[in-house]
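J.: For the record, the sequence lines run as chains A and B. Under the working numbering, the residues of the first sequence are numbered 37 to 698, in order. Under the working numbering, the residues of the second sequence are numbered 37 to 698, in order. Sharing a structure, written as structure tokens. Questions coming.
There are 2 protein chains.
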Amino acid sequence: MTDHGRSRAVIEGVEPKIDGGQFPIKRVEGEVVEVQADIYTDGHDVVECVLLYRHAGEKNWTEVWFEPLVNDRWKASFIASLIGRMEYTVLAWVDRFRSWIRDLKKRSELDADIEVNLRVGAELVADASKRAAGADAEWLRSVSEMICGITPIKDRLAAAQDPRLMDLMRKYADRQFATKYDRDLGVVVDPVHARFSTWYELFPRSFASEPNQHGTFSDVIRQLPRIAKLGFDVLYLPPIHPIGQAYRKGKNNSPKAEPDDVGSPWGIGAREGGHTALHPQLGTLDDFHRLVRTARDHGIRIAMDVAYQCSPDHPWVKEHPDWFRRRPDGSIQYAENPPKKYQDIYPIDFESSDWKELWSALAGVVQYWIAQGVTIFRVDNPHTKAFPFWEWMISTIKKKDPDTIFLSEAFTRPKVMYRLAKVGFSQSYTYFSWRNNKQELTEYFTELSRAPVRDFFRPNLWPNTPDILPEFLQWSGAPGFRLRLLLAATLGASYGIYGPAFELCVHQPVAPGKEEYLNSEKYQLINWTLGGANDISEFIGHVNKIRKENPALQTDRGLQFHPVDNPEIICYSKMDALRQNRVVVVANLDPNHVQSGWVDLQLQTLGVEQDRPYQMQDRLGGGHFLWHGGRNFIQLDPQVAPAHVFVMRQHVRSEQDFDYFL
Amino acid sequence: MTDHGRSRAVIEGVEPKIDGGQFPIKRVEGEVVEVQADIYTDGHDVVECVLLYRHAGEKNWTEVWFEPLVNDRWKASFIASLIGRMEYTVLAWVDRFRSWIRDLKKRSELDADIEVNLRVGAELVADASKRAAGADAEWLRSVSEMICGITPIKDRLAAAQDPRLMDLMRKYADRQFATKYDRDLGVVVDPVHARFSTWYELFPRSFASEPNQHGTFSDVIRQLPRIAKLGFDVLYLPPIHPIGQAYRKGKNNSPKAEPDDVGSPWGIGAREGGHTALHPQLGTLDDFHRLVRTARDHGIRIAMDVAYQCSPDHPWVKEHPDWFRRRPDGSIQYAENPPKKYQDIYPIDFESSDWKELWSALAGVVQYWIAQGVTIFRVDNPHTKAFPFWEWMISTIKKKDPDTIFLSEAFTRPKVMYRLAKVGFSQSYTYFSWRNNKQELTEYFTELSRAPVRDFFRPNLWPNTPDILPEFLQWSGAPGFRLRLLLAATLGASYGIYGPAFELCVHQPVAPGKEEYLNSEKYQLINWTLGGANDISEFIGHVNKIRKENPALQTDRGLQFHPVDNPEIICYSKMDALRQNRVVVVANLDPNHVQSGWVDLQLQTLGVEQDRPYQMQDRLGGGHFLWHGGRNFIQLDPQVAPAHVFVMRQHVRSEQDFDYFL
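In structure tokens:
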């Protein structure tokens with residue numbers, strides 16, 4: 037027999053909630069958390085309920101009254117107002133006073149029992165007065181006396197229904213048997229750029245002013261104005277640490293490096309140091325600080341690569357042999373996927389008996405770079421490291437530096453990718469790179485934009501990466517690159533490209549059927565020559581400008597697909613949280629041919645009235661159309677533009693018939 | 037930093053699971069519990085996992101190995117072998133040996149590292165030998181030596197892949213970093229009749245041999261052969277306790293009783309006693325025992341009514357005034373739904389400060405009747421009593437008497453009905469009484485037969501009750517009664533009727549638009565005259581016989597609906613757990629007209645091959661048909677039969693082409 041036998045209110049089906057509340061949901065600063073729950077009690081009594089929320093570390097909860105929906109479902113909301121961690125839960129109780137007042141309204145004044153019924157209510161008010169103080173208490177006492185007094189029944193009924201009484205009885209409700217939901221649910225509140233960010237990846241060593249020279253941080257600084265002008269706000273650098281010599285890979289991933297080969301940046305660690313050192317040829321720590329500062333001046337944040345693996349030359353190999361798996365011959369186990377061997381890489385052993393020390397050191401790497409001004413970390417292959425480590429590491433870092441962002445670079449099985457997001461990654465790479473046709477795109481992005489996924493997984497879409505030159509881009513030419521960029525930039529509130537390979541439409545694979553680049557920058561220096569016929573920079577800048585101007589494109593929540601009678605044409609809309617900005621994208625998925633078809637816009641879900649015209653302003657192509665009803669004809673020539681990106685507006689019909697735009 | 041940092045296996049999405057594991061699932065003795073879970077780890081290592089289960093009170097778990105499905109989903113099963121309570125959970129770990137053997141198969145014998153790789157495995161086998169004992173340990177040691185020995189590589193590779201080694205390495209797997217699912221999930225295992233039961237309700241006082249006499253238990257005993265012959269196995273009696281005099285209701289719920297009015301059996305409690313007393317005019321406790329015993333001899337269990345409410349004359353009112361709510365004038369609050377008053381009933385106050393004593397007394401009522409041989413309780417209006425009480429009471433009773441069955445008579449909002457099932461009710465009344473058309477029936481029974489509802493809510497379907505004469509039965513005549521019985525008996529593994537009102541097709545409401553019976557037996561004696569033109573007993577007996585012969589009709593899990601091109605014709609199939617018995621029901625929902633249409637049987641889901649004929653034997657109408665393919669024509673005359681109840685059979689095609697039936 038529990039002590040809660042008299043707690044009659046029931047709370048269940050609380051949403052949002054990830055895996056029963058095991059993991060926090062995610063929001064960015066200023067976003068709303070709308071909580072729904074099934075709340076009810078036995079019998080016919082009235083139930084009252086409040087949403088409780090607080091910032092982590094606060095003792096007291098703030099209360100918001102729930103409003104009823106239908107079928108015992110309730111909702112209430114709060115704002116994720118501060119970067120950091122918040123909590124929410126639910127409190128509900130059977131309210132005897134509200135039950136009484138509801139019944140009182142149904143009673144007849146002539147009922148023989150009306151007198152005793154009024155006295156029941158007067159007692160409840162008198163009880164509440166004891167929970168109140170000062171003027172409230174006094175007023176409640178006087179109302180209680182009035183209700184059971186000697187004035188005419190009509191006046192006493194009126195006194196019982198005084199709106200002020202309703203307010204005060206809510207304030208001093210009898211909560212002695214209240215039920216509290218058995219779990220405090222968490223919210224991780226990130227800065228806004230965790231939701232909306234536009235990434236550019238480059239290899240710093242490739243931007244030397246002279247051919248065949250090793251680029252430096254200063255060279256990267258010279259790229260900043262161009263990158264900023266293209267509309268990117270995160271500059272992601274592959275590892276900038278010393279590169280090991282042992283088993284260094286040569287050009288095109290050759291197992292044998294020539295003496296002048298620069299090696300893969302992911303072969304981290306050499307005589308000069310490991311994860312907290314800088315590659316000597318890139319520059320000094322001062323140079324790096326200057327890069328971080330100058331980038332900030334251009335509205336760009338630097339994202340560091342975190343690749344927890346070591347070259348055989350990494351200092352940890354000698355200092356902490358226990359952090360690696362040792363083979364019976366005493367050698368350290370290199371990475372392998374038999375029969376393939378990656379002898380230039382030692383994976384870290386997360387079953388190490390020295391795991392606590394190891395975890396601290398790994399977290400220390402991130403802490404070190406935070407101290408150097410970095411707030412964004414793109415984590416390499418997190419799915420090959422233990423989940424408990426990530427959960428601990430990310431929450432530990434964010435406790436002190438809650439504005440830190442972690443991007444999970446995991447291309448693996450769906451549940452593994454989702455788990456990484458659940459345990460703390462702020463953003464995640466996606467399957468976008470391999471989703472090309474209408475059905476694939478529709479299914480995948482519908483899944484990502486619906487509960488529960490949308491509450492823990494923030495997609496970051498990449499049409500290419502140094503590891504992935506998708507087959508589609510190998511044959512589709514500049515129209516294909518424009519299309520994939522447009523899709524990434526409008527389907528994802530966060531997206532990124534690996535440049536300049538992307539804007540120059542580089543499309544040669546290392547071999548037919550492969551997705552690796554020929555002469556990949558991962559293994560050699562490249563001297564990029566920007567501009568020219570194949571440079572689609574202007575298009576990219578244009579698209580990024582549309583993103584900045586339209587809040588609908590800065591969130592993944594308001595996504596909806598609309599039918600088109602041509603499988604090569606896809607149509608989707610996005611809305612911002614306030615439903616004030618509505619963007620409709622109609623894209624031609626065929627990079628080779630003109631395609632046309634009838635779009636069937638679901639106007640009701642867009643908040644547009646069926647019977648009145650609405651304006652469609654194409655921010656990409658520049659046209660301005662007046663549409664009537666949902667069905668409209670579209671024709672798109674991939675040589676001209678991959679899509680229409682319409683901003684949708686409908687006149688508001690007001691009593692005075694003022695013409696102004698939503 | 038937790039101590040589980042090295043536990044790399046992840047377990048999530050465990051099903052079945054009710055509300056995150058807060059409530060147990062339900063099974064009957066001998067049923068299978070199939071558990072599925074998402075189980076995986078970081079990286080490429082092999083994960084191993086077992087389902088753990090045990091009977092409540094056992095310390096040790098029994099293990100079953102999971103088998104992989106797709107996409108990191110696994111399944112394993114156990115039998116709910118004993119009535120009572122069971123538990124299950126999941127254990128998973130990263131298996132270094134199995135990872136090694138998988139990789140070994142991909143390695144080349146000529147690889148320079150093959151020697152050291154074999155030694156890695158040999159060490160793992162040597163470690164396992166330390167966890168083993170006796171002959172196993174010795175054998176493992178010898179295999180380990182063989183693997184890293186001096187014989188040719190080929191022989192050592194073969195030794196590593198010996199099936200016996202695989203078995204023993206599973207047996208002595210290294211589980212030191214195993215992850216255990218964080219919740220032990222519960223199963224309530226009931227007797228089979230919790231799933232499959234056929235109920236008959238009657239008012240004992242109405243079966244006197246002389247008109248206008250008060251019937252007795254002996255009169256009920258005389259009804260048993262008839263009820264057994266009709267195929268019913270539960271006889272449910274409305275309350276058989278003393279009936280209060282104060283505010284007793286007269287005929288047709290009149291607020292004033294005449295001196296000879298018998299009162300409502302739910303007005304429980306009088307001078308002669310309360311919930312543990314018998315109505316003096318029904319007989320003695322010995323008579324009752326005789327009824328229970330004789331019923332058992334006829335294969336019938338007696339179900340008692342448990343209505344936790346008191347007439348003003350109930351002994352508890354004087355002995356325990358604290359169990360009721362008191363009004364300011366000192367009187368006890370009667371039941372009301374303003375402006376309606378039920379002054380003959382005092383509800384129990386579940387917020388009583390004496391709630392622990394009260395709970396014990398209420399449980400004591402059930403315990404008393406269990407001691408008298410009753411194992412089934414039909415609980416009146418459980419939704420007006422506190423949920424925590426039911427959860428405690430039902431689990432307390434079932435701890436000692438696990439074969440006890442509780443039927444929830446709640447006709448209320450969906451979430452309330454489901455909650456009662458979750459907190460412990462074995463069976464539940466449903467909305468069936470008001471679901472008449474094809475869409476309503478399809479949606480409702482699809483919901484009931486799918487997870488999660490099917491795992492906690494066992495429907496018991498009633499075409500009528502003493503409180504409910506559905507509008508449909510008021511105008512549809514004997515064809516309507518036959519139809520509703522047929523639907524109840526085939527859509528529900530458990531169903532019941534209130535008789536003899538049902539088999540005599542009694543259809544007069546107390547007033548137009550009401551669902552109360554005219555001259556309801558709840559308030560007066562009735563002398564039933566069985567037989568005659570309107571008596572559909574034979575039909576009922578026939579349907580109950582079909583139920584007994586077909587396991588498919590004895591479970592609610594295998595239900596599936598099939599399209600028909602006529603909205604008045606519904607088609608559904610049921611299968612037993614072994615998919616050996618398949619019943620297809622095609623019913624005409626129109627009680628007035630012949631209806632016909634094309635049925636489109638989904639043969640694949642029925643396990644029937646599309647390209648070969650199958651037999652359809654109508655167990656209701658008696659026909660025998662050979663059908664080809666899914667589309668078949670149906671015509672039904674409600675004057676003849678409401679439905680076809682086909683048993684479906686298809687010859688098995690065997691190599692020898694033996695002709696035998698599945």
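The C-beta atom is built at its ideal place from N, Cα and C for all residues, glycine as well.
Count the other CB atoms, across all protein chains shown, that sit within 10 Å of the CB of residue 284(B); report buried if there are 16 or more and exposed otherwise.
T.: For the purposes of this step, residue 284(B) is taken as the residue at position 248 of the second sequence. Under this definition residue 284(B) is a buried residue.
J.: Determine the direct distance from the alpha carbon of residue 620(A) to that of residue 586(A), and round the result to whole angstroms.
T.: Start at 1 with the first residue of the first sequence, and residue 586(A) comes out as number 550. Start at 1 with the first residue of the first sequence, and residue 620(A) comes out as number 584. Taking the straight line from one Cα to the other gives about 11 Å.
J.: The beta strand (DSSP E) that contains residue 109(B), what's its start and end?
T.: Walking along the second sequence from the start, residue 109(B) turns up at place 73. Start and end: 109-115.
J.: Looking at chain B, is there any beta carbon in it that lies within less than 8 Å of the beta carbon of residue 450(A)?
T.: On the first sequence, residue 450(A) is found 414 positions in, with the first residue counted as 1. Residue 450(A) counts as touching chain B.
J.: Taking DSSP as the reference, what is the three-state secondary structure of residue 194(A)?
T.: The count along the first sequence starts at 1 and reaches residue 194(A) at position 158. Helix at residue 194(A).
J.: Should residue 458(B) go down as buried or exposed, given a rule of 16 or more other Cβ atoms within 10 Å for buried?
T.: On the second sequence, position 422 is the one that residue 458(B) refers to. With 16 or more Cβ atoms within 10 Å of its Cβ, residue 458(B) is classed as buried.
J.: Closer than 8 Å, CB to CB, is residue 697(B) near chain A or not?
T.: Counted from its first residue, the second sequence places residue 697(B) at position 661. Since pLDDT at residue 697(B) reaches only 39, below the 50 mark, its modelled position is unreliable, and no value is offered.
J.: With burial defined as no fewer than 16 other Cβ atoms inside 10 Å of the residue's Cβ, what is the status of residue 699(B): buried or exposed?
T.: Chain B is shown from 37 up to 698; residue 699(B) falls before or after that span and cannot be answered.
J.: With H, G and I counted as helix, E and B as strand and the rest as coil, what does DSSP make of residue 106(A)?
T.: Numbered from its first residue, the first sequence carries residue 106(A) at position 70. Coil.
J.: Answer with buried or exposed for residue 669(B), where buried requires no fewer than 16 other C-beta atoms within 10 angstroms of its C-beta.
T.: Here residue 669(B) is taken as the residue at index 633 of the second sequence, counted from 1. By the 10 Å Cβ count, residue 669(B) comes out exposed.
J.: Return the CA-CA distance between residue 67(A) and residue 196(A), expressed in angstroms with no decimal places.
T.: Translated into the one-based positions of the first sequence, residue 67(A) becomes position 31. Translated into the one-based positions of the first sequence, residue 196(A) becomes position 160. Residue 67(A) and residue 196(A): Cα-Cα distance of roughly 40 Å.
J.: Quick one, are the C-beta atoms of residue 338(B) and residue 271(B) less than 8 Å apart?
T.: Mapped onto the second sequence, residue 338(B) falls at position 302. Mapped onto the second sequence, residue 271(B) falls at position 235. Result yes, Cβ atoms of residue 338(B) and residue 271(B) sit closer than 8 Å.
J.: Rounded to a whole number of angstroms, what is the C-alpha to C-alpha distance between residue 137(A) and residue 486(A)?
T.: If you number the first sequence from 1, residue 137(A) lands on position 101. If you number the first sequence from 1, residue 486(A) lands on position 450. Their Cα atoms are separated by approximately 41 Å.
J.: Could you tell me the boundaries of the alpha helix (DSSP H) in which residue 339(B) lies?
T.: Your numbering for residue 339(B) matches position 303 in the second sequence. Looking at the DSSP string, residue 339(B) is not in any alpha helix (DSSP H); the run it does join, the beta strand (DSSP E), is 337-342.
J.: How many whole angstroms separate the CB atoms of residue 42(B) and residue 360(A), which I take to be in contact at a CB cut-off of 8 Å?
T.: Mapped onto the second sequence, residue 42(B) falls at position 6. Mapped onto the first sequence, residue 360(A) falls at position 324. The pair is not a contact, with the Cβ atoms about 15 Å apart (cut-off 8 Å).
J.: Helix, strand or coil: how does DSSP classify residue 660(A) here?
T.: For the purposes of this step, residue 660(A) is taken as the residue at position 624 of the first sequence. Reduced to three states, the DSSP call for residue 660(A) is strand.
J.: Checking 8 Å against the spacing of the C-beta atoms, do residue 267(A) and residue 532(A) come in under that value?
T.: Within the first sequence, the letter at position 231 stands for residue 267(A). Within the first sequence, the letter at position 496 stands for residue 532(A). Cβ distance not < 8 Å, so residue 267(A) and residue 532(A) don't count as in contact.
J.: Keeping to the same chain, check which residues put their C-beta closer than 6 Å to that of residue 57(A); ignore five residues upstream and five downstream.
T.: Start at 1 with the first residue of the first sequence, and residue 57(A) comes out as number 21. Here the set comprises 219 and 221.
J.: Return the CA-CA distance between residue 184(A) and residue 158(A), expressed in angstroms with no decimal places.
T.: Taking the first residue of the first sequence as position 1, residue 184(A) is located at position 148. Taking the first residue of the first sequence as position 1, residue 158(A) is located at position 122. Approximately 6 Å, taken between the alpha carbons.
J.: Please list the residues of the segment 78-109 of chain B that have a C-beta atom closer than 9 Å to any C-beta atom in chain A, keeping them in chain order.
T.: Listed by position along the chain: 78, 79, 80, 107, 108 and 109.
J.: Whose CA, out of 312(B), 362(B) and 328(B), lies closest to the CA of residue 401(B)?
T.: Walking along the second sequence from the start, residue 401(B) turns up at place 365. Of the listed residues, the one whose Cα sits closest to residue 401(B) is 312(B).
J.: Kindly indicate if chain A contains any beta-carbon less than 8 Å away from that of residue 437(B).
T.: Locating residue 437(B) in the second sequence gives position 401, counting from the first residue. Taking Cβ atoms only, chain A never reaches closer than 8 Å to residue 437(B), which makes this a no.
J.: Are at least three pairs of beta-carbons, each pair with one atom in the segment 496-511 of chain B and one in the segment 231-251 of chain B, less than 8 Å apart?
T.: Counting Cβ pairs under 8 Å, three or more are found: they touch.
J.: Using the beta-carbon count (16 or more within 10 Å), is residue 348(B) buried or exposed?
T.: Here residue 348(B) is taken as the residue at index 312 of the second sequence, counted from 1. Its Cβ being crowded by 16 or more others within 10 Å, residue 348(B) is buried.
J.: Is it right to say residue 539(A) is buried, meaning 16 or more other beta carbons lie within 10 angstroms of its own, or is it exposed?
T.: Along the first sequence, read from residue 1 onward, the residue named residue 539(A) stands at position 503. So residue 539(A) ends up on the buried side.
J.: Run through chain A and tell me which residues come within less than 8 Å of residue 48(B), C-beta to C-beta.
T.: If you number the second sequence from 1, residue 48(B) lands on position 12. Correct list: 55, 451 and 455.
J.: Determine the chain B residues that contact residue 356(A) at a beta-carbon separation under 8 Å, and present them in chain order.
T.: Within the first sequence, numbered from 1, the residue matching residue 356(A) stands at position 320. Near residue 356(A) there are no residues of chain B at all, since even the closest Cβ is about 16 Å away, more than 8 Å.
J.: Using three-state DSSP, classify residue 242(A) as helix, strand or coil.
T.: Counting from 1 along the first sequence, the entry for residue 242(A) is found at position 206. Three-state DSSP puts residue 242(A) in a helix.
J.: Taking the Cβ atom as the reference point for each residue, do residue 82(B) and residue 423(A) lie within a distance shorter than 8 Å?
T.: Residue 82(B) sits at position 46 when you count from the first residue of the second sequence. Residue 423(A) sits at position 387 when you count from the first residue of the first sequence. No, they are not a contact pair.
J.: Looking at C-alpha atoms only, which residue of 510(A), 167(A) and 188(A) is the closest neighbour of residue 204(A)?
T.: Taking the first sequence and counting its residues from 1, the one referred to as residue 204(A) is at position 168. Among 510(A), 167(A) and 188(A), the Cα nearest to that of residue 204(A) is on 167(A).
J.: Quick one, which of 276(A), 616(A), 346(A) and 78(A) has its alpha-carbon nearest residue 327(A)'s?
T.: Along the first sequence, one-based indexing puts residue 327(A) at 291. Nearest C-alpha to residue 327(A): 276(A).
J.: Is the segment 281-301 of chain A close to the segment 373-381 of chain A, with three or more CB pairs under 8 Å?
T.: Result yes; three or more Cβ-Cβ pairs closer than 8 Å.
J.: Tell me where the beta strand (DSSP E) around residue 373(A) begins and ends.
T.: One-based indexing of the first sequence puts residue 373(A) at position 337. Element bounds for residue 373(A): 371-373.
J.: Could you spell out where the alpha helix (DSSP H) holding residue 459(B) opens and where it closes?
T.: Residue mapping note: residue 459(B) aligns to position 423 of the second sequence, counting from 1. Start and end: 450-459.
J.: So if DSSP puts residue 221(A) in a beta bridge, which residue, or which two residues, is it bridged to?
T.: As a working mapping, residue 221(A) is identified with position 185 in the first sequence. Looking at the DSSP assignment, residue 221(A) forms a beta bridge with 124(A).
J.: Give, in chain order, every unbroken run of the alpha helix (DSSP H) that is at least 4 residues long and sits entirely within the segment 623-679 of chain B.
T.: With a minimum length of 4 residues, no continuous alpha helix (DSSP H) run stays inside the segment 623-679 of chain B.
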